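Some notes on the structure that comes next.
Residue numbers (this note's numbering), protein chains in the order written: chain A, 1 to 323; chain B, 1 to 589.
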């Protein structure tokens with residue numbers, strides 16, 4: 001075998017190797033899924049969130065199996081001084097200051113947290129995306145108006161602003177001519193008013209650069225109307241930042257709801273909310289650790305899970321950035 | 001209505017009541033499983049000297065004896081000032097203080113004569129002997145808005161010539177006469193069963209006109225900052241009379257009054273100095289008293305968790321004393337609008353309320369007896385017994401935890417055929433912090449048992465009164481966190497302001513149920529002018545029964561207030577004043 005033939009042989013083997021690797025066409029979403037699956041932390045977080053959603057949906061059936069509705073009182077579980085008793089076989093998480101089952105209330109609290117997380121996030125993202133795209137695409141006075149509005153809103157201390165809005169809507173029949181009722185509605189409005197600005201500003205920045213791209217110019221040259229360009233050409237290119245940003249503000253919204261409820265202007269009793277349970281627990285923390293530990297733990301785990309999920313989603317969608 | 005201890009007021013009851021009685025035996029109360037030391041008798045034979053330190057969370061309302069109207073402030077007022085009458089610890093029977101003997105009342109009840117002691121002198125810089133004219137001026141200045149007295153109209157408005165409204169100057173009241181230096185005569189427009197009792201209010205403590213008048217000028221009197229004393233102690237001042245011992249929100253220093261003559265007074269006044277230190281967190285203050293850094297709590301009750309550990313600790317248990325308070329907490333139902341304009345719906349609520357759980361929100365049996373009507377046990381023979389005592393309970397239930405079946409029967413009478421309430425949702429305005437918020441949650445839960453949905457609006461305790469429950473036009477269906485403390489042990493002071501239809505006001509209303517029952521109103525007006533105390537108490541006892549049966553408001557606790565003493569001092573809690581310490585009877589061991 002001559003030296004030449006050996007080389008040919010090598011070439012041929014190389015070619016065979018090359019052929020052996022199948023070229024698979026993958027959509028960006030498939031790529032995302034492949035990368036995401038490798039992120040074990042994010043995957044566990046996703047599992048926890050799925051579990052949480054199931055628990056929230058099934059809170060009713062679960063508590064009725066246990067026979068402890070969230071607002072039922074069990075005065076026998078308070079001692080002679082009205083101090084609640086801790087975890088026991090019938091009451092896994094103990095009882096609260098008026099003898100309600102903490103376990104049932106933590107389950108129902110998950111409903112509130114998730115409702116706020118999903119609704120408030122969806123609404124604030126929708127508003128932020130639309131206004132951000134409009135500002136970035138049209139520029140000019142529209143941009144000035146929207147951008148200044150964002151600046152002004154961001155200039156307020158977030159919690160104080162939310163507290164102000166929530167307080168104004170928490171009394172009597174609510175605010176805005178009775179459209180916003182105290183409770184869940186108020187919390188969502190307060191969160192939306194504040195949170196659309198962040199995503200609005202990010203989207204505006206993205207659109208400012210996108211609108212100068214050739215494919216947009218092509219569409220414009222082809223006579224497409226602005227609305228078509230914004231929703232058909234630009235929006236699909238914003239999916240990644242929208243998804244990433246949404247998963248990252250969900251935990252913020254859950255915390256904001258808890259903070260407002262903690263301060264007494266959020267979810268109205270007797271509905272259970274983790275923030276409100278923590279507020280009630282502060283007056284008896286020295287004698288009833290379970291009353292802040294379980295809702296607090298649930299809140300911590302939920303926020304952590306959404307944060308880790310958000311990080312994982314961002315890494316998977318945009319592998320160039322590392323954390 | 002005197003203000004209740006700050007912490008308590010901040011959460012539940014509020015204001016307090018009035019009336020007077022001049023008499024009485026002392027019905028000490030009763031019952032309750034869990035207890036600390038029972039109300040002790042004052043130890044005698046104390047030791048002279050030393051300093052007593054009282055801790056408080058908040059400040060006094062006004063140092064000026066003409067404006068003070070707060071239990072905690074009264075603990076200072078009564079040892080620095082000498083009203084005509086005052087109380088000894090453990091007594092609800094007034095005793096002559098500035099007065100030389102109990103007042104005499106003419107047969108028609110319209111003339112009340114009081115002789116005052118000779119030889120009582122104002123503290124420096126006034127230094128002269130007190131005369132009856134000083135008492136006259138003190139009462140008259142109570143009708144000046146600059147002083148801002150809270151009860152002058154309610155108790156002293158009955159004097160002939162008294163202004164019907166608080167004005168902008170010190171009026172001259174023709175019905176207060178001073179025939180000589182040691183006699184004061186009150187001419188009344190009509191008899192008043194409680195007038196003599198009202199003479200124990202600090203408003204009757206003498207104020208020297210020639211000295212005070214310049215401070216009473218203008219919009220707001222500054223006499224409080226320049227006051228002179230007649231009691232065994234005085235707020236520390238300088239040679240010109242300016243108070244130096246008061247730093248608002250920080251501390252008040254009482255020193256001996258050099259012009260006080262122990263021979264004219266029944267107060268032993270053992271300690272040389274009394275220090276009121278303010279701005280303490282109740283938990284921290286309780287710890288300081290337990291370890292001996294301070295001696296007694298002023299305006300706050302020790303927190304429930306600490307009460308629990310103290311009462312279960314045999315060596316600390318004796319440091320705690322519980323004093324019944326003259327009043328009750330109740331749930332007021334708005335009788336002027338549906339659904340509670342229907343008596344049977346109200347009665348359904350009275351049956352279904354879980355009063356046992358409500359009491360647990362305030363610490364359980366240690367906090368007092370479950371109230372079954374309004375006049376509290378410490379009134380004893382002054383109306384409590386006449387109202388049926390512990391035996392009168394028109395809405396009984398097992399363990400006081402509510403009777404759903406009876407409530408449903410009432411709803412059927414009200415026209416709800418199924419026995420379940422099916423009307424529109426009702427609204428309650430409640431405290432936004434415990435324990436009031438917890439009590440309100442129990443109320444809402446109880447009503448849910450008869451199908452009544454309750455929307456709860458949570459606000460600060462003071463806003464609950466000033467913006468909602470005290471303003472009939474904004475009043476919700478239910479006010480679950482209201483309460484009342486009588487100024488003295490006369491049932492009129494307990495019931496008149498809260499349930500007389502004549503007392504419904506457009507603002508600062510305390511008839512929270514807006515009860516306006518012509519029969520009850522008429523019985524009250526009749527009882528007010530009854531001079532025979534036995535008859536009067538018995539009439540008020542009947543009125544209490546009628547109000548309770550109407551279910552316009554549902555009483556649920558007769559509270560006791562805890563006073564914690566250090567091991568270094570003797571105990572002396574004021575039975576008439578909701579357990580405030582009487583520092584003139586305490587001594588350092």
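From the three backbone atoms N, C-alpha and C, an ideal C-beta is built for every residue, glycine too. A quick note: this is a predicted structure, and the numbers were derived from the prediction, not measured.
- Below the 8 angstroms Cβ cutoff, chain B contributes no neighbours of residue 88 of chain A, its closest Cβ being approximately 18 angstroms away.
- Cβ-Cβ separation between residue 205 of chain A and residue 150 of chain A: approximately 11 angstroms, too far for a contact (criterion under 8 angstroms).
- Residues 69 of the same chain have their beta carbon placed closer than 6 angstroms to that of residue 150 of chain B, with the five preceding and five following residues left out of the count.
- Taken in chain order, the members of the stretch 275-301 of chain A whose beta-carbon sits within less than 8 angstroms of a beta-carbon on chain B are 280, 283, 284, 286, 287.
- At least 7 angstroms separates the CB of residue 57 of chain B from every CB of chain A.
- By the Cβ neighbour-count rule, residue 314 of chain B is exposed, with fewer than 16 other Cβ atoms within 10 Å of its own.
- Of all residues in the stretch 418-446 of chain B, those with a C-beta nearer than 7 angstroms to a C-beta of chain A are 432, 434, 438, 441, 442, 444, 445, reading in chain order.
- Taking a cut-off of 8 angstroms on C-beta distances, the stretch 356-366 of chain B does not touch the stretch 541-553 of chain B, as fewer than three cross pairs fall below it.
- In this chain, the alpha helix (DSSP H) harbouring residue 109 of chain A covers 102-138.
- By alpha-carbon distance to residue 72 of chain B, the top candidate from B:81, B:62, B:66 is B:62.
- One finds nothing in chain B with a Cβ atom closer than 7 angstroms to the Cβ of residue 67 of chain A; even the nearest lies about 16 angstroms away.
- By a beta-carbon distance limit of 8 angstroms, residue 229 of chain B contacts residue 80 of chain B. Their separation comes to about 4 angstroms.
- Across the stretch 74-104 of chain A, CB contacts with chain B closer than 7 angstroms involve 75, 78, 80, 81, 82, 83, 97, 98, 99, in sequence order along the chain.
- Cβ neighbours of residue 137 of chain A within its own chain (closer than 8 angstroms, five residues either side excluded): 207, 211, 226, 229, 230, 234.
- Taking the Cα positions, residue 368 of chain B is about 8 angstroms away from residue 324 of chain B.
- In the three-state reduction of the DSSP assignment, residue 61 of chain A falls in the helix class.
- Every unbroken stretch of the alpha helix (DSSP H) spanning 4 or more residues and falling wholly within the stretch 450-500 of chain B is given here in chain order: 491-499.
- Setting aside the 5 residues that flank it on each side, residue 285 of chain B is surrounded in the same chain by 55, each with a C-beta closer than 6 angstroms to its C-beta; the list follows chain order.
- Using a CB distance below 8 angstroms, the part of the stretch 255-277 of chain A facing chain B consists of 264, 268, 269, 270, ordered along the chain.
- Under the Cβ criterion of 7 angstroms, residue 451 of chain B is not counted among the residues facing chain A.
- The bridge partners DSSP lists for residue 378 of chain B come to none.
- The stretch 385-395 of chain B and the stretch 420-434 of chain B do not touch, with fewer than three beta-carbon pairs separated by less than 8 angstroms.
- Unbroken beta strand (DSSP E) stretches of 3 residues or longer found wholly inside the stretch 171-212 of chain B: 176-180, 183-187, given in chain order.
- Looking at the backbone, the Cα of residue 397 of chain B and that of residue 113 of chain A are separated by about 39 angstroms.
- DSSP places residue 555 of chain B inside the beta strand (DSSP E), whose first and last residues are 553-564.
- At a cut-off of 7 angstroms between C-beta atoms, residue 575 of chain B does not count as an interface residue with respect to chain A.
- Sequence-distant partners of residue 306 of chain A (beyond 5 residues in either direction) whose C-beta falls short of 6 angstroms from its own C-beta, in its chain, are 250, 251.
- One thing to note: residue 188 of chain A has its Cβ within 7 angstroms of the Cβ of residue 120 of chain A.
- From the listed residues B:178, B:212, B:88, B:259, the smallest Cα separation to residue 129 of chain B is found for B:259.
- For residue 428 of chain B, the uninterrupted beta strand (DSSP E) segment begins and ends at 426-431.
- Contact between the stretch 91-107 of chain B and the stretch 144-163 of chain B is absent, with fewer than three C-beta pairs closer than 8 angstroms.
- The stretch 335-389 of chain B contains, as complete beta strand (DSSP E) runs of 3+ residues, the segments 368-370 (chain order).
- About 11 angstroms separates the CB atoms of residue 401 of chain B and residue 445 of chain B; that is not less than 8 angstroms, and the two are not in contact.
- Inclusion of residue 166 of chain A and residue 186 of chain A in the CB contact set at 7 angstroms is warranted, their separation being smaller than that value.
- Residue 143 of chain A carries a helical assignment under DSSP once its states are collapsed to helix, strand and coil.
- DSSP links residue 114 of chain B through a beta bridge to B:184.
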